[in-house]
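Q: I am attaching a structure below and will ask some questions about it afterwards.
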Amino acid sequence: MRPFVGAGAGMTTENRQFGGVLTTGADYRINKRLTAVGSVNLGLFEDNRDVSAVLGIATNFNR
Numbered sequence: 004m005r006p007f008v009g010a011g012a013g014m015t016t017e018n019r020q021f022g023g024v025l026t027t028g029a030d031y032r033i034n035k036r037l038t039a040v041g042s043v044n045l046g047l048f049e050d051n052r053d054v055s056a057v058l059g060i061a062t063n064f065n066r
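Residue numbers for the sequence shown follow the working numbering, so the first one is 4 and each next one is one higher.
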């Protein structure tokens, strides 16, 4: 398992507000070709807070 944290900038699509974004999550290698991915994101904008979650499967391209 490989946990991660991050921060950056974001923009809303509805009223074009800019703000900060925090993210945390983990990647878990299922086997040589597949990785499970999960993360939670928090957008900090002028008049609202936006929380989202992402779950997925990624393909690994190894040599």
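Even glycine gets a Cβ: it sits at the ideal position worked out from N, Cα and C.
Only a predicted model underlies this, so the values are computations on that prediction, with no experimental measurement involved.
So what's Met14 in DSSP terms, helix, strand or just coil?
A: Correct three-state label for Met14: strand.
Q: Helix, strand or coil for Arg19? Go by DSSP, reduced to three states.
A: Looking at Arg19 - three-state DSSP - the assignment turns out to be coil, as it is neither helix nor strand.
Q: Compute the Euclidean distance between the alpha carbons of Asn18 and Asn34, then round it to the nearest angstrom.
A: Roughly 42 Å between the two C-alpha positions.
Q: Going by alpha carbons, who is nearest to Met14 out of Ile60, Ala56, Asn63 and Phe48?
A: Minimum Cα distance to Met14 is reached at Phe48.
Q: If you measure between the beta carbons of Asp30 and Val43, is that distance less than 7 Å?
A: Cβ atoms of Asp30 and Val43: not closer than 7 Å.
Q: Check whether the Cβ atoms of Thr38 and Asn63 lie closer than 7 Å to each other.
A: Result yes, Cβ atoms of Thr38 and Asn63 sit closer than 7 Å.
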